[in-house]
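Numbering (this note's numbering), first residue to last: 54 to 148.
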């Protein structure tokens, strides 16, 4: 693994979570926080957060898309994701 360039992101055989994984999780958690701000204004009627509702929703969509892009770029061959999406293995516990 060290010979393939993964040492740049801090990954090895002992450390399997490198910087792309940590950054993707950060983006996903930030998206959930943005949706919490949107829900305070729209669902619970918080007057202070009501103007931020639409922006928080759009920000959450952008953050989730960014997290997906980070994970896709970490795959190495992101075009293979289409194979994983279209060919299901129902006998697998991960499906």
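Yeah, the Cβ is synthetic: ideal placement off N, Cα and C, and Gly gets one too.
Remember, predicted model here, so these are calculated numbers, not experimental data.
Span of the alpha helix (DSSP H) around residue i
i, result
"residue 69", "Premise fails: residue 69 is in no alpha helix (DSSP H) and is neither H nor E."
"residue 116", "106-128"
"residue 96", "That residue, residue 96, is in no alpha helix (DSSP H); it is neither H nor E in DSSP."
"residue 134", "134-139"
Option in the options with minimal Cα separation from residue i
i, options, result
"residue 72", "120, 141, 134 and 138", "120"
"residue 111", "96, 67, 78 and 87", "87"
"residue 76", "141, 144, 142 and 127", "127"
Cβ pair residue i, residue j closer than 7 Å
i, j, result
"residue 84", "residue 118", "no"
"residue 123", "residue 105", "no"
"residue 103", "residue 115", "no"
Distance between beta carbons of residue j and residue i, contact taken as under 8 Å
i, j, result
"residue 125", "residue 134", "7 Å"
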